[in-house]
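A.B. asks: Reading the sequence shown from the start, the letters are residues 3 to 140 in the numbering used here.
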Amino acid sequence: MTQPAILRPKELKSNDRGNGARTTPLVTRRCGSTSMINGITAFDPGASIGLHKHNCEESVMILDGQAIAEIDGVRYPLGPNDTTWIPANVPHRFINASQTEPMRIFWIYASIDATRTMMATGEERPIDAEHHQQGTQS
3 MTQPAILRPK ELKSNDRGNG ARTTPLVTRR CGSTSMINGI TAFDPGASIG LHKHNCEESV
63 MILDGQAIAE IDGVRYPLGP NDTTWIPANV PHRFINASQT EPMRIFWIYA SIDATRTMMA
123 TGEERPIDAE HHQQGTQS
């Protein structure tokens, strides 16, 4: 039987996503999950991630700061506790709307086998692969 896990983001490694974004994986295969993945991504002021899509549903909650969620070409302003649900294969990205304050999001993928496909290049990679990259202490 798989054991429950207590995850403390301040004690976990973060992966640099580039462009001022860093991701801290939380629930993954490493802790025994068989059906979902989640984590936190922090954005520097003005930072964003590239337009992409996933092979499964995703939900994102804004933890801190002011965000712009670009979903299927429409931009939505979001603040703390605002939450999105994004169906599989819908292009989207998150942008820190502030040029002076950081932003953090909590995300959940509805599959342990979630992938990210970058719209600009068509490159697809498993989310799990990103979680095993060498990171820096958060």
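Where is the CB? At the ideal position from N, CA and C, for every residue including glycine.
Measure how close the beta-carbons of Ile-88 and Glu-59 come, nearest whole angstrom, since I'm counting them as under 8 Å.
C.D. replies: For the purposes of this step, residue 88 is taken as the residue at position 86 of the sequence shown. For the purposes of this step, residue 59 is taken as the residue at position 57 of the sequence shown. Between Glu-59 and Ile-88 the Cβ distance is about 7 Å, and since that is below 8 Å, they are a contact.
A.B. asks: For Asp-4, count neighbouring C-beta atoms within 10 Å of its own C-beta (all shown protein chains included) and say buried if the count is 16 or more, exposed if not.
C.D. replies: Translated into positions along the sequence shown, residue 4 becomes position 2. Sequence check: residue 4 is Thr here, not Asp. Per the 10 Å Cβ criterion, exposed.
A.B. asks: Can you check the segment 41-95 for any beta strand (DSSP E) of at least 3 residues that lies completely inside it and give the ranges in chain order?
C.D. replies: 54-56, 60-66, 69-73, 76-80, 85-88
A.B. asks: Is it buried or exposed, Arg-118, if we count other Cβ atoms within 10 angstroms and call 16 or more buried?
C.D. replies: Taking the first residue of the sequence shown as position 1, residue 118 is located at position 116. Buried: at least 16 other Cβ atoms inside 10 Å.
A.B. asks: In three-state DSSP terms, what is Arg-19?
C.D. replies: Taking the sequence shown and counting its residues from 1, one reaches residue 19 at position 17. If DSSP states are grouped into helix, strand and coil, Arg-19 belongs with the strands.
A.B. asks: DSSP on Glu-103, reduced to helix/strand/coil?
C.D. replies: In the sequence shown, residue 103 corresponds to position 101, counting from 1. Looking at Glu-103 - three-state DSSP - the assignment turns out to be coil, as it is neither helix nor strand.
A.B. asks: State the start and end residues of the unbroken beta strand (DSSP E) segment that holds Arg-10.
C.D. replies: Position 8 of the sequence shown, counted from the start, is the residue given in the question as residue 10. Looking at the DSSP string, Arg-10 is not in any beta strand (DSSP E), and its letter there is neither H nor E.
A.B. asks: Between the Cα of Asp-130 and the Cα atoms of Pro-11, Gly-22, Gly-41, which residue gives the shortest distance?
C.D. replies: The residue given as residue 130 occupies position 128 in the sequence shown. Here the closest residue by C-alpha is Gly-41.
A.B. asks: Rounded to whole angstroms, what is the Cα-Cα separation between Asn-67 and Trp-109?
C.D. replies: Walking along the sequence shown from the start, residue 67 turns up at place 65. Walking along the sequence shown from the start, residue 109 turns up at place 107. The sequence as given places Gly at residue 67; Asn does not occur at that position. Each residue's Cα considered, the two are about 15 Å apart.
A.B. asks: If you count every other CB in all the chains shown that lies within 10 Å of the CB of Ser-37, and 16 or more means buried, which is it?
C.D. replies: By 1-based counting over the sequence shown, the position of residue 37 is 35. Burial call: exposed.
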